[in-house]
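Residues 360 to 442, numbered by the working numbering, are exactly what the sequence shown covers, in order.
This report concerns only the one structure given below.
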Amino acid sequence: MTATTEKLQDIYTRKVGGEQYSYELEYTPGSRVEWQAKVYQDGALKGTPSGIVSENTMSGAALRQSVITLVEIAIENMLGIAE
360 MTATTEKLQD IYTRKVGGEQ YSYELEYTPG SRVEWQAKVY QDGALKGTPS GIVSENTMSG
420 AALRQSVITL VEIAIENMLG IAE
């Protein structure tokens with residue numbers, strides 16, 4: 360990822376099952392947003408979901424929330440996340 364990479368950490372609790380996961384998220388703002396997350400449960404790495412948003416028009420808080428939502432959907436649906 361480039362020097363303009365945004366980073367954040369957060370916690371997500373699954374609605375189905377109630378398991379809690381922490382994650383570290385990196386993404387690059389711009390017209391082509393690349394994102395990658397490291398998802399942990401009790402300190403153990405459980406997965407590294409990632410993706411690309413093409414033809415992006417969002418920026419700032421809207422983009423940040425959109426990428427957070429993508430990570431939380433991956434966790435909720437256990438997409439690329441080990442149980």
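All residues carry an ideal CB built from backbone N, CA and C; glycine is no exception.
These numbers were taken from a predicted model, which means no experiment stands behind them.
Between the alpha carbons of Glu378 and Thr372 lies a gap of roughly 6 Å.
Residue state for Ala441 is assigned as coil, using DSSP reduced to three classes.
Separation of the CB atoms of Glu365 and Tyr399 is rounded to 19 Å, and the pair is thereby denied contact status at 8 Å.
The beta carbon of Glu393 is closer than 6 Å to those of Thr387 and Ile411 in its chain, skipping five residues each way along the sequence. Just measuring C-alpha positions, the residue of Val375, Lys374 and Gln395 sitting nearest Leu384 is Gln395. Excluding the 5 residues flanking it on each side, Gln368 has same chain C-beta neighbours closer than 6 Å at Glu383, in chain order.
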